[in-house]
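Here full-length UniProt numbering is used: the first residue of the sequence shown is 1, the next is one more, and so on. These notes concern the structure reproduced below.
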Amino acid sequence: MGITINDSSFNCLDCRKRFPSDKVMSHLETTTHKHFTLFDDHEVLKCDFCFKVNARRLACVKVNECLFVSCDSCIAELDSPEAQEPSVFQMFKTYQEIRRDMYGKMTDLLSFSTKKFLKIEKRFSKRGLKVWKDDLGNFTIIKGQPKGQYYKQQISATVSKKMIGDANIKELTQDDNNLPTSEKIAEVIDDQLALETAPVESEMKTCSFKDVEKIIHKMSKKPPKLHYSTLGHYLREMSFCVYLEELFETFPSDPLIYNKSNANKYYVELDYQQEMVERLSDKMRSLKDIPFSPHQLFILANEQNVWYGYVESRWLDNADSPSRINVIVNLYNWNSKGLPRRSNDIKIFPCSYNASRILNSMDKLYQSQMKTLLIGKSAHSLTDSVNYDIDNLEFFNSAFNQYQRSAVKYALKMSVSLIRAPFGTGKTVLIVELVRQLLRMGVYPIRVVAASNLAVDNIAQLMIPQYKDDILRIVSQGVESKYRNSHQLSGVCVHNKVGKLLGDKCLEIKKKLETKKPVKPNEFKLYRRECYELSSKLASKAKVIFSTTSCADRYSDNYGYKVPVVIMDESTESSEPSCLIPLSLPGVKKAIFVGDDKQLSFFSKSKYLTLSLFERLIENNKVGEPEMLHTQFRMHPILSAFPNVHFYNGLLANGVSAEERTITSIHNPVVWWNTASLEKHSEKAITASESVVSVDGHETYDNETEADLVVKVIKKLVYEKKVKRKDIGIITPYRGQKVRIANALLKDMKVQNNKIVDISDDNEELFNDKISSTIMKLDGVEISSIDGFQGKEKKFIVLSLVRSNDKGSIGFLNDKRRTNVALTRAKFGLILVGDLTCMRKKDGTWKAYGEWLKANGRIIEGDEFTY
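Rendered as C-alpha cells:
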C-alpha cells in the first residue's frame with residue numbers, strides 16, 4: 001500500500017533531524033539539504049546506474065517492465081532516441097514513491113537493440129554490476145554474488161501521473177518488498193557538485209588542473225542560465241564562476257588536508273613559505289601579520305569536486321621563526337557535500353579580498369527577500385509593500401521630461417525595477433531624484449552603488465549641496481588617497497571623518513603608518529579597531545551611503561541595521577556575483593537597477609559570466625518590462641542618428657539641437673579618414689597595415705601609420721581649430737595602439753612636463769578585465785581603450801580602428817555593444833581613422849555605418865586631413 005505524504009515523518013540525512021511532513025518544504029527552502037528518507041526507512045534517492053545521490057537531477061526510466069531511477073548523465077549514456085529531459089523534483093518522498101509517481105512520465109526504452117543492451121551492460125560492469133535479460137525481457141542487475149531475485153522488478157500497478165511536488169499520492173496495489181533497496185547511506189552519498197552545475201559536469205570529471213583553460217574554453221560555448229532550480233543551485237553556480245575567475249590569478253599548491261571534527265570544517269597545515277608573506281600588503285608585512293585573514297575565501301578542489309569555505313581561525317607554529325601555518329576553514333552550507341574522509345589530492349586556492357566578499361554575501365541570501373528574484377524560476381512579487389503616493393508626486397527636478405517622470409514613478413511603485421538608460425539620457429539626475437523622493441518619504445538608509453568610483457561620485461556630488469550631513473561616501477583603501485581635501489567629496493568620505501574623530505593615541509599611530517615608521521602589532525590592532533568602530537557608527541547614522549558594488553557591505557553588520565533600498569547604477573557593468581554583495585544586505589526590500597544592455601557589460605575571461613544580472617532579469621521576464629529613458633542630451637543629432645537606428649530601434653529622441661553641439665570652426669560633426677586610400681593618393685605610396693605586438697606579455701595589435709595620422713588629427717584640433725586638450729579623447733580597441741599613439745603624441749607635440757600619466761581604472765569589479773582599461777593622459781588629452789572609456793564622454797573623440805587586412809577580420813569590433821560604446825562617446829565631433837575597405841568587407845554594423853557616412857559625404861580620402 002502506498003504511503004501518503006501527510007502521514008509521514010521524514011529524516012534529513014544532512015542535518016540528522018526529524019521533520020513532520022508539513023515542515024519539510026520549509027526546511028528545503030531555507031537550506032541546501034537534499035538527502036531525505038522516510039523516518040526509520042533506509043531508502044535514499046540515488047541513481048541505479050552510478051549510485052550518485054542528488055534528487056534534483058534524477059528521473060525514472062522504464063526499460064521493458066523494469067523501472068530505474070537514473071541521473072541525467074546516465075540517461076545520456078543510454079543514448080535512447082526517446083530520452084526526455086530529466087525531471088527536476090524536490091526531495092520529500094521516498095525512493096519507491098518517486099518511481100510510482102513518475103511512472104506516467106518515464107522514458108520508454110522498449111525497443112532496445114543488441115548494441116544498446118551491450119552499452120547498458122558495459123555501463124553497469126564499470127561499477128561491479130552484472131546485467132542480463134531473461135526470457136521474459138526483464139533486466140536483472142546483480143552486485144557481487146546473485147541473491148535470488150533481489151534486484152528483479154516485476155511491476156504491475158495503477159499509478160498517478162502527477163510530478164513530485166504533489167501532496168496527494170494514489171494508493172498502489174503492489175508489494176513494496178519487491179523493490180530494490182539502496183546501499184548503506186555512507187556508501188551512496190557520493191553526490192557531485194557538477195550534477196547541479198551542468199556547464200562543467202563532464203569537464204570536472206575528466207580533466208586535471210593543467211586543463212583548466214580547456215574547461216573554460218568549453219564553458220564559453222554554453223549559454224548562461226536564465227533561472228535555477230533552487231537557491232543552493234544558484235549559489236553553487238555563482239561560486240563556481242568565482243572559482244574559475246580566481247584560477248587565472250592563483251595557481252593551486254599541494255597542501256595536506258585533514259578533517260578535524262566533521263565534513264563541514266577542515267584543518268589545513270601549510271608550509272610557511274615566503275610566497276605567502278609576499279601576498280600581504282606592505283603595511284601588513286611590516287606588522288608581521290599572519291597570512292590569510294578571517295573570513296577569507298578558501299576554495300578546495302580535486303578532479304571531481306569543488307568546495308567553498310571561509311577562514312575561521314589561523315595561527316603560526318612559532319611566532320618568531322614560523323615554519324608552518326595552521327588554518328581552520330568552515331564550508332559554506334550550500335556545498336553539495338562534505339570533504340572526503342581521506343584524500344591527499346585536494347588543491348587549495350586562497351582567494352582575493354573581493355572574491356571573499358562575494359561568497360560571504362551569498363551566505364546571507366537565505367534570509368533575503370531577493371531569493372525569488374535571483375533564482376528566476378517564478379515571478380517575483382513586484383508591488384512594493386510601502387504605499388507611495390505617486391499620483392500626486394512633486395518632482396524636485398522640474399525640468400524632467402515625461403520619460404524621466406514615468407521612470408521615477410515606476411521605480412517607487414515596484415519592489416524590483418529595471419530602467420534602461422542609453423547614452424546621455426540623464427540616468428545620474430534620475431537616480432538623484434529617486435534618492436530625494438525616498439528621503440522625503442522617510443525611506444532610508446539607502447545604498448547607492450555602481451561598478452566604478454566615477455559613476456558613484458557623479459551621483460554623490462549632486463547630493464552634497466542639500467544633503468551633506470545625511471550622506472556618506474565609502475571608498476576602498478586603495479583609493480583613499482585620491483579623496484583628500486582637494487576632492488569635492490572629501491568632507492563626506494568615511495575615512496576622512498574618522499581621521500578627525502580619532503583619539504590622540506590612534507592619531508599618533510596613524511602618522512606612523514603614513515610615514516612608514518615601525519608600528520607594533522598591538523598598536524595596529526588598537527588603531528584598526530577604533531577606526532572600524534567609528535566607521536560603523538557613522539554608517540549607522542547616514543541616510544544615504546555611496547560606494548562601489550564590491551564595497552557595498554562595508555560597516556553593515558551592526559545589530560539591527562537594515563537597508564530597505566538598494567540603487568544600482570551601471571548595472572550591466574557589474575558581474576552577477578558582485579551584485580549579490582548589495583542585494584544580500586539586511587532588510588533589502590526594494591532594488592532599482594539602472595543600466596544599458598545595448599552597451600558593454602563587464603569583460604571576463606569566463607564566458608559563462610557574459611550575462612549581467614540586469615540582462616538576465618530582462619531576458620527571463622519575471623519582473624515585467626523595463627522602463628526606458630528615451631531622450632539623449634549628449635550628442636549632436638547627426639552623431640546620434642546611426643546609433644539610434646541600429647542599436648535602439650529608433651526609440652531615442654534628441655534633447656539637444658545641432659546649434660548647441662557645434663563650435664564656430666567645425667561644422668562637420670562626423671568624418672572617417674580612410675587609410676585605405678593613402679597608397680592611391682600619396683606620392684610616397686604610404687600604407688597603413690596592422691601589426692601584432694606584445695605589450696605587458698600580451699599579444700595585441702597596433703598600426704604605426706594610423707597612429708601618425710591620429711597625431712595629425714590632434715594637431716589640427718588643437719592648433720587650428722582651438723579645441724582645448726582636456727576636451728579631446730582618443731579611443732582604440734587595442735592596448736598596443738593606445739601605447740603607440742601616446743608615444744607618437746609625446747614625440748610630435750609640445751607637451752608640458754614631457755610625461756605620460758597613467759590614470760588607473762577605478763572599476764573595482766572582481767571580474768573586470770576590460771581590454772586595457774587604464775587611461776593614459778598626455779597634457780589633458782586622454783587615450784584609452786574603447787572598453788575603458790565606457791561611461792565617459794568628451795567634446796571630441798578620435799577613434800583609431802587599427803585593423804587593416806585583406807580578409808576583413810576586425811576582431812573585437814565585431815561586438816555590436818563595443819561598436820555602440822565607440823560611436824556614442826562624442827558630444828560635438830567624432831573623427832574615425834581606419835581602413836574603410838577592411839571594415840566594410842563583411843556584412844554587419846561597420847559596413848552599414850561606412851555606407852551611411854559615404855552616402856552623406858563624410859569620407860576623407862588621401863593623405864591630407866581636411867576638416
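We treat Cβ as the ideally placed atom computed from N, Cα and C, and that holds for glycine.
Option in the options with minimal Cα separation from residue i
i	options	result
Ser575	Tyr228, Met238, Arg18	Met238
Thr675	Leu778, Arg803, Arg725	Arg803
Gln437	Leu393, Ala460, Asp469	Leu393
Asn397	Leu439, Arg405, Asp391	Arg405
Thr687	His233, Ser535, Met362, Asp835	Asp835
Phe633	Leu538, Ala653, Glu514	Ala653
Ala822	Ile859, Leu639, Gln461	Leu639
Lys724	Met628, Gly560, Ala742, Ile663	Ile663
Ile290	Ala301, Leu270, Leu300, Glu303	Leu270
Leu244	Asp748, Gly736, Ile831, Ser604	Ser604
Val565	Asn333, Ser368, Asp320, Val329	Ser368
Leu830	Leu801, Asp843, Lys816, Asp597	Leu801
Ala658	His636, Tyr648, Asn644, His646	His636
Val435	Asn333, Ile509, Phe546	Phe546
Leu331	Asp806, Phe400, Arg236, Ala421	Arg236
Leu418	Ile730, Ile775, Ile618	Ile618
Cβ-Cβ distance between residue i and residue j below 8 Å
i	j	result
Thr610	Ile375	no
Cys506	Glu530	yes
residue 868	Lys409	An answer regarding residue 868 cannot be provided, because it is not within the stretch 1 to 867 covered by the chain.
Lys450	Asp569	The sequence given here places Ala at residue 450; Lys does not occur at that position. For Ala450 and Asp569, yes; Cβs fall inside 8 Å.
Ala826	Ile783	no
Val494	Ile474	yes
Arg858	Trp673	no
His295	Ser361	no
Ser323	Val311	no
Ser403	Thr631	The identity of residue 403 in the sequence shown is Tyr, whereas the question assumes Ser. A contact, by the Cβ cut-off of 8 Å.
Classification of residue i by the beta-carbon crowding that lies within 10 angstroms, buried from 16 upward
i	result
Ile810	buried
Asn820	buried
Ala539	buried
Thr732	buried
Leu489	buried
Asp469	exposed
Gln790	buried
Pro445	buried
Lys722	exposed
Trp307	buried
Leu38	Note that Leu38 has pLDDT 47, beneath the 50 cutoff, so the model's placement of it is unreliable and the number below is only indicative. It counts as buried.
Lys738	buried
Trp315	exposed
Spatial distance of residue i from residue j (CA atoms)
i	j	result
Thr425	Lys854	28 Å
Leu799	Ile325	52 Å
Lys726	Asn668	20 Å
Glu573	Lys715	34 Å
Asp41	Ala407	Low local confidence applies: a pLDDT of 44 at Asp41 is under 50, so the model's placement there is unreliable, with the coordinate-based value given in what follows. Computed Cα separation, rounded: 56 Å.
Met839	Val479	40 Å
Tyr527	Arg440	37 Å
Ile860	Asp779	28 Å
Gly595	Ile567	11 Å
Val693	Gln273	36 Å
Val429	Cys241	34 Å
Glu303	Ile346	8 Å
Lys265	Tyr234	22 Å
Lys842	Val588	48 Å
Gly232	Tyr366	9 Å
Phe642	Gly650	9 Å
Arg18	Tyr555	38 Å
Gln461	Ile471	10 Å
Arg817	Tyr648	11 Å
Met370	Val670	45 Å
Val656	Phe828	11 Å
Ser691	Thr700	8 Å
Any chain C beta carbon closer than 8 Å to residue i
i	result
Pro521	Absence of chain C from the displayed structure is noted, only one protein chain being present.
(message) Three or more C-beta pairs under 8 Å: does that hold for the segment 471-487 against the segment 618-629?
(response) no
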